[in-house]
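**Student:** Mind looking over this structure? Questions follow.
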Amino acid sequence: ESVVNRIAAGEVIQRPSSAVKELVENSLDAGASTVSVTVKDGGLKLIQVSDDGHGIRFEDLPILCERHTTSKLSAYEDLQTIKSMGFRGEALASMTYVGHVTVTTITEGQLHGYRVSYKDGVMENEPKPCAAVKGTQVMVENLFYNMVARRKTLQNSNDDYPKIVDFISRFAVHHINVSFSCRKHGASRADVHSASTSSRLDAIRNVYGASVVRDLVEIEVSDEDAGDAVFKMGGYISNANYVAKKITMILFINDRLVDCTALKRAIEFVYAATLPQASKPFIYMSINLPSEHVDVNIHPTKKEVSLLNQERIIEIIKNVIEEKLRNSNT
Ligand code: ADP
Ligand code: MG
Numbered sequence: 011e012s013v014v015n016r017i018a019a020g021e022v023i024q025r026p027s028s029a030v031k032e033l034v035e036n037s038l039d040a041g042a043s044t045v046s047v048t049v050k051d052g053g054l055k056l057i058q059v060s061d062d063g064h065g066i067r068f069e070d071l072p073i074l075c076e077r078h079t080t081s082k083l084s085a086y087e088d089l090q091t092i093k094s095m096g097f098r099g100e101a102l103a104s105m106t107y108v109g110h111v112t113v114t115t116i117t118e119g120q121l122h123g124y125r126v127s128y129k130d131g132v133m134e135n136e137p138k139p140c141a142a143v144k145g146t147q148v149m150v151e152n153l154f155y156n157m158v159a160r161r162k163t164l165q166n167s168n169d170d171y172p173k174i175v176d177f178i179s180r181f182a183v184h185h186i187n188v189s190f191s192c193r194k195h196g197a198s199r200a201d202v203h204s205a206s207t208s209s210r211l212d213a214i215r216n217v218y219g220a221s222v223v224r225d226l227v228e229i230e231v232s233d234e235d236a237g238d239a240v241f242k243m244g245g246y247i248s249n250a251n252y253v254a255k256k257i258t259m260i261l262f263i264n265d266r267l268v269d270c271t272a273l274k275r276a277i278e279f280v281y282a283a284t285l286p287q288a289s290k291p292f293i294y295m296s297i298n299l300p301s302e303h304v305d306v307n308i309h310p311t312k313k314e315v316s317l318l319n320q321e322r323i324i325e326i327i328k329n330v331i332e333e334k335l336r337n338s339n340t
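Under the numbering used here, think of the first position of the sequence shown as 11, with each following residue one higher.
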């Protein structure tokens with residue numbers, strides 16, 4: 011049974027960067043205003059995510075890493091919401107089957123926190139009282155220690171650290187009221203260091219630099235007369251002056267970081283047709299629509315999504331971008 015669990019867990023947590031993404035999403039779900047990430051050996055040796063969120067109650071610690079344990083699903087109606095956010099209560103559990111997980115946490119009003127380690131879904135020991143400031147720190151050590159082939163592949167391939175930095179950069183652009191940092195273990199300088207701000211452009215400047223911000227224009231559209239299918243989109247796109255080797259597409263749907271290949275292709279197409287000299291744009295786009303209109307297909311933790319009425323939505327977005335580019339080009 012433990013082999014089956016391990017294989018399943020290795021599907022949910024495919025690489026160090028997927029573990030980081032899940033941990034950071036947990037911190038954000040816990041209402042954190044500061045999230046700090048530390049990584050050693052591309053995440054294979056150590057991933058540490060610390061937040062100042064609401065913490066985990068003592069009585070919840072024993073089942074924290076059991077599969078399907080989630081505090082984010084209170085009513086049956088929420089089942090619709092699951093669809094938009096992938097499977098629930100799988101991430102932490104999965105990490106305990108393929109790595110060594112230690113959680114340190116304190117909840118509001120407590121004098122001390124607790125530290126506890128997990129293995130294969132269960133606590134390895136009783137939670138030990140310890141000093142703690144606010145929130146939660148999750149440490150994952152020796153990821154894939156029991157998956158020899160996976161570990162080898164990851165060791166030989168390019169280090170996952172750039173992917174981790176990329177994820178944190180994207181989160182920092184969307185969650186502008188949260189401070190993020192991401193560094194290699196022992197490094198004095200952080201590779202992402204984004205202070206909380208009230209300005210989206212400041213956040214983008216913090217992470218991607220002033221030269222990117224200079225070439226951005228704002229886009230916005232809402233579609234509220236299509237029956238109950240309320241659709242809103244806002245963001246920034248690069249103009250004719252932005253020239254890059256590859257497209258940067260930061261897409262959040264209902265505040266979840268996702269990929270939508272069809273939408274990305276459509277946007278690339280508009281740029282190629284409108285601004286061939288700047289056809290690899292920088293795009294930050296946040297879309298909100300009823301959660302039952304978002305379908306996480308393929309696999310629970312794959313970021314790829316498809317949307318109900320996808321063609322219509324893509325058409326609307328294409329038109330908005332095209333108009334914006336034509337206007338900013340003249
Ligand atoms: P999910 O996020 O889908 O609920 P996870 O396995 O990622 O499942 O986490 C399980 C549960 O552990 C969460 O529902 C939450 O209650 C708790 N949890 C995990 N990380 C944190 C954190 N950083 N702060 C507070 N609670 C957390
Ligand atoms: Mg989670």
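Backbone N, C-alpha and C fix where the C-beta goes; we use that ideal spot for every residue, glycine too.
Under 8 Å: does the beta carbon of H122 sit that close to some heavy atom of ligand 1?
**Tutor:** No, the beta carbon of H122 sits no closer than 8 Å to any heavy atom of ligand 1.
**Student:** Should N264 be counted as a contact of ligand 1 given a C-beta to heavy atom distance under 8 Å?
**Tutor:** no
**Student:** Taking any heavy atom of ligand 1 as the mark, which residues have a C-beta closer than 5 Å to it, listed down the chain?
**Tutor:** N36, S37, A40, G63, I66, T80, S81, K82, R98, G99, A101, L102 and T146
**Student:** Whole angstroms are fine: how far does the CA of G52 sit from the CA of S46?
**Tutor:** 16 Å
**Student:** If you check the beta carbons only, do D269 and K144 fall under 9 Å apart?
**Tutor:** For D269 and K144, no; Cβs fall outside 9 Å.
**Student:** Can you tell me where the beta strand (DSSP E) with I260 in it begins and where it stops?
**Tutor:** T258 to I263
**Student:** Would you mind giving the Cβ-Cβ distance between T80 and R98, rounded to the nearest angstrom? I have them listed as a contact below 8 Å.
**Tutor:** With 8 Å as the limit, T80 and R98 qualify as a contact, their Cβ atoms being about 4 Å apart.
**Student:** Starting from N298, trace the beta strand (DSSP E) both ways and give me its first and last residue.
**Tutor:** Residues F292 to N298.
**Student:** Return the first residue and the last residue of the beta strand (DSSP E) that D61 is part of.
**Tutor:** L56 to D61
**Student:** Cutting at 8 Å between CB atoms, please list the residues of its own chain near S208, excluding the five before and the five after it.
**Tutor:** I186 and N187
**Student:** How about the stretch 115-123 and the stretch 12-25: do they share at least three Cβ pairs that are nearer than 8 Å?
**Tutor:** no
**Student:** Going by DSSP, what residues sit across from Y246 in a beta bridge?
**Tutor:** E228 and Y294
**Student:** Tell me the rounded alpha-carbon separation between S94 and S296.
**Tutor:** Low per-residue confidence applies at S94: pLDDT is 41, beneath 50, and the placement is therefore not dependable enough to give any value.
**Student:** How would you write the range of the beta strand (DSSP E) that T117 sits in, first residue to last?
**Tutor:** That residue, T117, is in no beta strand (DSSP E); it is neither H nor E in DSSP.
**Student:** Can you tell me which of the three DSSP states Y128 falls into?
**Tutor:** strand
**Student:** Nearest CA to the CA of L56: which residue from E35, R193 and A159?
**Tutor:** Nearest C-alpha to L56: R193.
**Student:** Spell out a yes or no on whether the stretch 273-286 and the stretch 328-338 are touching, meaning 3 or more CB-CB pairs, one atom from each, closer than 8 Å.
**Tutor:** yes
**Student:** Taking C-alpha atoms, which residue in F177, Y128, S204 and R199 lies nearest to S189?
**Tutor:** S204
**Student:** Determine the extent of the beta strand (DSSP E) in which E151 is found, giving its start and end residues.
**Tutor:** G145 to E151
**Student:** Report the three-state DSSP secondary structure of S204 (helix, strand or coil).
**Tutor:** strand
**Student:** Beta carbon of E21: closer than 8 Å to some heavy atom of ligand 2?
**Tutor:** no
**Student:** Look at the Cβ atom of V304, then the Cβ atom of L317, and state whether they are nearer than 9 Å.
**Tutor:** yes
**Student:** Going by the DSSP bridge assignment, what does M157 pair with across the sheet?
**Tutor:** Partner(s): none; M157 has no beta bridge.
**Student:** Buried or exposed for T355, going by 16 or more other Cβ atoms inside 10 Å?
**Tutor:** Past the boundaries of the shown model lies residue 355; the chain is included only from 11 to 340, so the question cannot be answered.
**Student:** Roughly how many angstroms lie between the CA atoms of L226 and V183, to the nearest whole one?
**Tutor:** Roughly 14 Å separates the two Cα atoms.
**Student:** Tell me which residue opens and which closes the alpha helix (DSSP H) that R215 is part of.
**Tutor:** Residues R210 to Y218.
**Student:** Kindly list the residues whose CB is nearer than 6 Å to the CB of G65, restricted to its own chain and excluding five residues on each side of it in sequence; keep chain order.
**Tutor:** So the list reads T115, I116, T117, G145 and T146, once near-sequence residues are dropped.
**Student:** State the DSSP-derived secondary structure class of H110, mapped to helix, strand or coil.
**Tutor:** strand
**Student:** Distance check for R266 and I277, CA to CA, integer angstroms please.
**Tutor:** 20 Å
**Student:** Using 8 Å for Cβ pairs, my map puts N249 next to S338. What's the rounded Cβ distance?
**Tutor:** Their Cβ separation, rounded to whole angstroms, is 5 Å, which keeps N249 and S338 in contact under 8 Å.
**Student:** Looking only at DSSP bridge pairs, what is E333 linked to?
**Tutor:** Paired residues: none, contrary to the question.
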